[in-house]
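Q:
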Amino acid sequence: MSTVAVILAAGLGTRMKSRLPKVLHPILGDPSLLWVLRALPGDLKGAIVVVHHGKEQVEAALATWQKAGLLPCPITTVDQGVPLGTGHALQACIPELDRLGATQVVILCGDVPLTTGGTVLQLCAAEALLLAMDLPTPGAYGRVLQHPDGRLAGLVEAKDATPEQLAVQRVNGGAYSLPWSALRQALLGLTNDNAQREYYLTDAVVAVARAIPVAVEVCDPEELAGMNSRHDQAALQAAAQLRIERHWMAEGVTFLHPGSTLVGPRVQLSQDVLLEPGVRLEGAVAVGEGTLIGQGTVMVDSTVGSGVEVRPYCVIEKSLVGEGCKVGPFARLREGTTLGEDVRIGNFVETKKARFHRGAKASHLAYIGDADVGEGTNIGAGVITCNYDGVNKHRTVIGRNVFVGSDTQLVAPLVIGDGALIGAGSTITKDVPADALALSRTPQVSREGGASKLRVRQKKGTGVS
Ligand code: UD1
Ligand code: MG
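One gets our numbering by counting positions in the sequence shown from 1 and adding 674 to each.
1. Can you grab the Cα-Cα spacing for the pair Ile681 / Glu950, in whole Å?
2. What is the DSSP secondary structure of Thr738, counted as helix, strand or coil?
3. Between the Cα of Gly1093 and those of Ala1112, Gln1083, Gly1073, spot the shortest distance and give me the residue it belongs to.
4. So, Gly996 versus Glu1009, is the Cβ gap smaller than 8 Å?
5. Note the first and the last residue of the continuous beta strand (DSSP E) segment covering Cys798.
6. For Val947 and Gln915, what's the separation of their Cα atoms in angstroms?
7. Mind the definition here: the region 772-781 touches the region 835-855 only if three or more C-beta pairs lie below 8 Å; say whether that holds.
8. What does a CB cutoff of less than 8 Å around Tyr987 pick up in its chain, not counting 5 residues either side in sequence?
9. So which of Lys1026, Phe1022, Arg1032, Tyr1062 has the shortest CA-CA distance to Gly1054?
10. Would you mind working out which of Ala908, Met973, Val725, Gly962 sits nearest Val937, comparing C-alpha positions?
11. Thinking C-beta only, is Ala763 closer than 8 Å to Ala684?
12. Taking 7 Å as the cut-off, is the C-beta of Gly784 nearer than that to any heavy atom in the ligand UD1?
13. I'd like to know whether the C-beta atoms of Gln907 and Ile768 end up nearer to each other than 8 Å.
14. Can you confirm whether the region 801-817 touches the region 695-714 when touching is taken to mean that 3 or more C-beta pairs between the two stretches lie within less than 8 Å?
15. Let me check one thing: in DSSP terms, what residues is His1038 bridge-paired to?
16. State the Cα-Cα distance for the pair Gly813 and Lys833, rounded to the nearest angstrom.
17. Of the residues Leu797, Thr760, Lys1026, which one's Cα is nearest the Cα of Tyr1062?
18. Expressed to the nearest angstrom, what Euclidean distance is found between the alpha-carbon atoms of Leu809 and Val845?
19. Work out the CA separation of Thr1070 and Val697 for me, nearest whole Å.
20. Can you tell me whether Pro895 sits near the ligand UD1, meaning its C-beta is under 7 Å from at least one heavy atom of the ligand?
21. Return yes when at least one heavy atom of the ligand UD1 lies under 7 Å from the C-beta of Asn866, else no.
22. For the beta strand (DSSP E) that contains Asp808, what are its first and last residues?
23. Helix, strand or coil, according to DSSP, for Gly728 in the structure here?
24. From Cys747, Val732, Gly755, pick the residue whose C-alpha is nearest to that of Lys719; which is it?
25. Measure the CB-CB distance between Ile1096 and Gly1079 and report whether it falls below 8 Å.
26. Give the single residue among Gly759, Gly1099, Glu838, Ala1125 whose Cα lies nearest to the Cα of Pro1117.
27. Taking Gly900 as the reference, give the member of Thr865, Trp709, Ile1102, Gly703 with the closest Cα.
28. Using the C-alpha atoms, what's the distance from Val732 back to Ser692?
29. Taking a contact to mean a Cβ-Cβ separation below 8 Å, would you say Cys783 touches Gly848 in this structure?
30. What first and last residue would you give for the alpha helix (DSSP H) that runs through Gln839?
31. Would you check whether the ligand UD1 has a heavy atom nearer than 7 Å to the C-beta of Pro705?
32. Please say whether Val678 and Leu745 have beta carbons closer to each other than 8 Å?
33. Name the two residues that bound the continuous beta strand (DSSP E) containing Glu897.
34. By how many angstroms is the C-alpha of His699 removed from the C-alpha of Leu994?
35. Quick check on the DSSP output: the alpha helix (DSSP H) that includes Gly1143 runs from which residue to which?
36. Where does Pro932 fall in DSSP's three states?
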């Protein structure tokens, strides 16, 4: 069997009222379409994303995910042209499905993010299956009509339904698995003779059901809930949040205030991790055993080792934090920061493309960018690496056990040897050899009694000399 998935994503998403295509709106940091694609099994022949509105943005996102290795199988796109209905979307895919040699087609919607991998596997394993849900208020969903033995008998859109049909609470979830030959034939016979003047995929599914038995599987509604409005997006995010929290709690993670904590679907947490209120972890984040992530901290695409203390209100992006480090409060680790073991980055310290080796410290108010900081080196308060000359970026390489006094500017490119000592308030523009004492200050002047004399002059209004 050669199974190909088709993901419908050409709709406009009018109710989102957004410039961003609906399927790119995020749930816990990952766009809806990425959730759908990541739930696909790796052994599919391929997946086709049907696009039209916001095509360029969707294709750019797909290329980024492909590059990041986030897509489980080969993905192609098909431009539906002006969307004329879900059946029209599948008709547009006929050449591509033929080209891929599909024998079985699994159809999902790009705006239904919470279908689990397990449910998608169930679809892939079925010969002919439709996923349904039972809703107390079925609203605008298509109604599922079944034969007494449960097989699919009909699908009626709410706008075309009779009052009796509208009373049916079993609704079409819009996810199907069907043999391609039967579906292909049914698609060729579609008309738009209905209330919405659309080519309904549901009509093709019903036509297939006349030839072969199509099973109906009732799922947890959360798995089939679509994102049509900002309200739906918030509800889906809350559902995803609950699901993810339950999972990590069962794995030994403490959430001090679960409702306020946002943990994305690609986050990996370890035993005895403690997340304080208001923590947000997005993208590919990994946190090691026994690590504490303080209140209000935001972490994106970063790895933090075990036994780390990230104190409140830190922002950590595209960085690596080694075992036993202490970071923050109020620290900002920007892209390309690597902290070795037991590094200390204190309050109001910003780092970028900086490597701190084991035990190095920058405890207060510093900017360390494009730099290498050796083992055991201490960066004083207010130290700045002047890495940018207005045109180019330059590196600062600081050896082991160096002491950089407070309020020092290190004007890159610069190399500071092991064990060097830089006096506070220096502007260092030349390399400093190992073990050297480097200072650059104007000599201090202290005039005895000068303060009183000055005050007298000030009172007379004679000004300052
Ligand atoms: C469809 C089903 C309905 C089901 C519901 C489940 C049909 C006719 N109806 O409703 O029975 O209860 O899904 O959510 O299929 N799309 C395209 N091209 C189009 C039209 C839609 O790609 O021409 C995409 C949309 O972007 C969306 C998905 O298909 O991702 C579903 O479209 P939507 O309009 O939300 O579903 P309905 O047609 O209302
Ligand atoms: Mg529609």
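By construction, the Cβ of each residue, glycine as well, lies at the ideal position given by its N, Cα and C atoms. All values derive from a computational prediction rather than experimental measurement.
A: On the basis of the data shown:
1. 37 Å
2. helix
3. Gly1073
4. no
5. From DSSP, Cys798 is part of no beta strand (DSSP E) but of the alpha helix (DSSP H) over 791-799.
6. 17 Å
7. yes
8. Gly968, Gln969, Gly970, Thr971, Gly1002, Pro1003, Phe1004
9. Phe1022
10. Met973
11. yes
12. yes
13. no
14. no
15. Asn1021
16. 10 Å
17. Lys1026
18. 7 Å
19. 43 Å
20. no
21. no
22. 803-808
23. strand
24. Cys747
25. yes
26. Gly1099
27. Trp709
28. 14 Å
29. yes
30. 837-840
31. no
32. no
33. Run containing Glu897: none in the beta strand (DSSP E); it sits in the alpha helix (DSSP H), 895-898.
34. 28 Å
35. No answer is possible for residue 1143: the residues shown for the chain start at 675 and end at 1139.
36. helix
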